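Enquirer: Attaching a single structure in structure tokens format; questions to follow.
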Amino acid sequence: MSRRAQFLEVLGIPTEWVPRERKDDPAEAVPEMAAVHAALPVVEAPVAETAVVAAALADPVETVSAPVAPPVARAPVAPSLVPASPEPGSAQTDREAGIAAMEWPALDAAVAGCTACGLCQTRTNTVFGVGDRQAEWMLVGEAPGENEDLQGEPFVGQAGKLLDNMLGALGLARGRNVFIANVLKCRPPGNRNPEPEEVAQCEPFLRRQIALLKPKVIVVLGRFAAQSLLRTTTPIGKLRGTVHTYEGIPVVVTYHPAYLLRTLTDKARAWEDLCLAREVHDRAGAGT
Ligand code: URA
189 MSRRAQFLEV
199 LGIPTEWVPR
209 ERKDDPAEAV
219 PEMAAVHAAL
229 PVVEAPVAET
239 AVVAAALADP
249 VETVSAPVAP
259 PVARAPVAPS
269 LVPASPEPGS
279 AQTDREAGIA
289 AMEWPALDAA
299 VAGCTACGLC
309 QTRTNTVFGV
319 GDRQAEWMLV
329 GEAPGENEDL
339 QGEPFVGQAG
349 KLLDNMLGAL
359 GLARGRNVFI
369 ANVLKCRPPG
379 NRNPEPEEVA
389 QCEPFLRRQI
399 ALLKPKVIVV
409 LGRFAAQSLL
419 RTTTPIGKLR
429 GTVHTYEGIP
439 VVVTYHPAYL
449 LRTLTDKARA
459 WEDLCLAREV
469 HDRAGAGT
């Protein structure tokens, strides 16, 4: 059985299931991709962000005949998601510099004791992240939910089970060559959307985790995490299919597992995204 078939099976899609709209003209195959083709500016993105895409789709067996978004120009900055840069010399600048110098144990402790935003008042546990601190793969989600807040570990609910299955289909496992983290380390009450100020206070932790880990590839799960990390308002359908970069590290965007639980038709697209991520990883000269 091909890896794609395995993946679709663990996601609960019969192997013979073929998205009807993908049989014909690729430009029409995926509605949001058609919109990308129509709306794309002529400006090309920097080579570093895009060169890998063509190569990533070279393997017709393991990659899918999905339409891949052509290079996108740097998307407009999202005022609602992008933390404002702190004033030079301000307390926030000092805090960020301190975090940027931390090793894993200090970073772990700083997250556990963080009171930088109001979420510290409602959390049960901080959720630092879990996994292999030498991992070549990093997955980044949005924020802890109820189960994660109770257990102090990311993606432990239903969405987490699906995520584990997705990792398994790639030959990966939680804790083995994968590190999983979130943009926010504390649960927003009632799972509301994170506030820009909360992102601003928490982002230095994620940035330091990425700097310490130096993964070969970052897979960003869902719209919120993608827009926060890439500092853009571009919809997720347009962010998929292109290799972005964060601090020089390749970033592949895919759907959030909680969304995939509700949306059967996009599960096959998630497989395409993971194939792209695997190609990016493999081409970075990594071992797994
Ligand atoms: N959703 C996320 O984005 N992260 C988690 O840890 C759990 C659910």
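Per my numbering, residue 189 is the first one in the sequence shown, and the count goes up by one each step.
Note that beta-carbon positions come from the ideal geometry of N, C-alpha and C, so glycine has one too.
All of these numbers come straight from a predicted model, not from anything done at the bench.
With three or more beta-carbon pairs closer than 8 Å as the criterion, would you say the region 355-374 touches the region 276-291?
Expert: No contact exists between the region 355-374 and the region 276-291.
Enquirer: With distances taken from CA atoms, which of Pro-384, Gly-436, Val-431, Ile-398 is nearest Leu-327?
Expert: Residue 327 sits at position 139 when you count from the first residue of the sequence shown. Selected option, being the one with the closest Cα: Ile-398.
Enquirer: Can we count Gly-378 as close to the ligand URA, meaning its CB is less than 7 Å from some heavy atom?
Expert: Working through the sequence shown from its first residue, we reach residue 378 at position 190. Gly-378 Cβ: outside cutoff for every heavy atom of the ligand URA.
Enquirer: Rounding to the nearest angstrom, what Cα-Cα distance links Arg-380 and Arg-283 in this structure?
Expert: Locating residue 380 in the sequence shown gives position 192, where the first residue counts as 1. Locating residue 283 in the sequence shown gives position 95, where the first residue counts as 1. Spanning the two alpha carbons is a distance of roughly 26 Å.
Enquirer: Since Thr-310 sits in a beta bridge, which residues does DSSP pair it with?
Expert: Against the sequence shown, residue 310 aligns to sequence position 122. Partner(s): none; Thr-310 has no beta bridge.
Enquirer: Verify the contact flag: Ala-347, CB atom, against every heavy atom of the ligand URA, threshold strictly below 7 Å.
Expert: The residue labelled residue 347 in the question sits at position 159 within the sequence shown. Checking the Cβ of Ala-347 against the ligand URA gives yes.
Enquirer: How would you write the range of the alpha helix (DSSP H) that Phe-412 sits in, first residue to last?
Expert: Position 224 of the sequence shown holds residue 412. Looking at the DSSP string, the run of the alpha helix (DSSP H) that includes Phe-412 is 411-418.
Enquirer: Please state whether DSSP places Arg-364 in a helix, a strand or coil.
Expert: Here residue 364 refers to the residue found at position 176 of the sequence shown. Looking at Arg-364 - three-state DSSP - the assignment turns out to be strand.
Enquirer: Going along the chain, which residues of its own chain have a beta-carbon closer than 8 Å to the beta-carbon of Asp-454, five neighbours each way excluded?
Expert: Position 266 of the sequence shown, counted from the first residue, corresponds to residue 454. Cβ within range, chain order: Tyr-443, Tyr-447, Leu-448.
Enquirer: Which residues does DSSP pair with Ala-369 in a beta bridge?
Expert: In the sequence shown, residue 369 corresponds to position 181, counting from 1. Beta-bridge pairing links Ala-369 to Val-328.
Enquirer: I need the boundaries of the alpha helix (DSSP H) containing Arg-447, first residue and last residue.
Expert: Along the sequence shown, one-based indexing puts residue 447 at 259. The question names Arg, yet the displayed sequence has Tyr at residue 447. Run containing Tyr-447: 445-450, per the alpha helix (DSSP H) assignment.
Enquirer: Nearest to Ala-294 by alpha carbon, out of Phe-316, Arg-375, Leu-462?
Expert: Sequence index remark: in the sequence shown, residue 294 carries index 106 (1-based). For Ala-294, the nearest C-alpha among the options comes from Phe-316.
Enquirer: Strictly by DSSP, which residues pair up with His-469?
Expert: Here residue 469 corresponds to residue number 281 of the sequence shown, with the count starting at 1. DSSP, once it has assigned bridges, lists no residue as partnering His-469.
Enquirer: Apart from the five residues on each side of it in sequence, which residues of its chain come closer than 8 Å, Cβ to Cβ, to Glu-334?
Expert: As a position in the sequence shown, residue 334 is number 146, starting the count at 1. Only Gly-345, Arg-375, Asn-379 meet the Cβ criterion.
Enquirer: If contact is defined by three or more beta carbon pairs under 8 Å, each pair taking one atom from either stretch, is the region 296-307 in contact with the region 434-442?
Expert: The region 434-442, when compared against the region 296-307, does not touch it at the 8 Å Cβ threshold.
Enquirer: Does the distance from the C-beta atom of Leu-401 to that of Val-408 stay below 8 Å?
Expert: Position 213 of the sequence shown, counted from the first residue, corresponds to residue 401. Position 220 of the sequence shown, counted from the first residue, corresponds to residue 408. No, these two residues do not count as a Cβ contact at 8 Å.
Enquirer: Quick check: the Cα distance between Gly-277 and Thr-314, rounded to an integer number of angstroms?
Expert: Position 89 of the sequence shown, counted from the first residue, corresponds to residue 277. Position 126 of the sequence shown, counted from the first residue, corresponds to residue 314. Distance between the alpha carbons of Gly-277 and Thr-314 is about 28 Å.
Enquirer: Could you check whether Glu-330 and Phe-195 sit closer than 8 Å to each other, using their CB atoms as the reference points?
Expert: One-based indexing of the sequence shown puts residue 195 at position 7. One-based indexing of the sequence shown puts residue 330 at position 142. Going by C-beta atoms, Phe-195 is not nearer than 8 Å to Glu-330.
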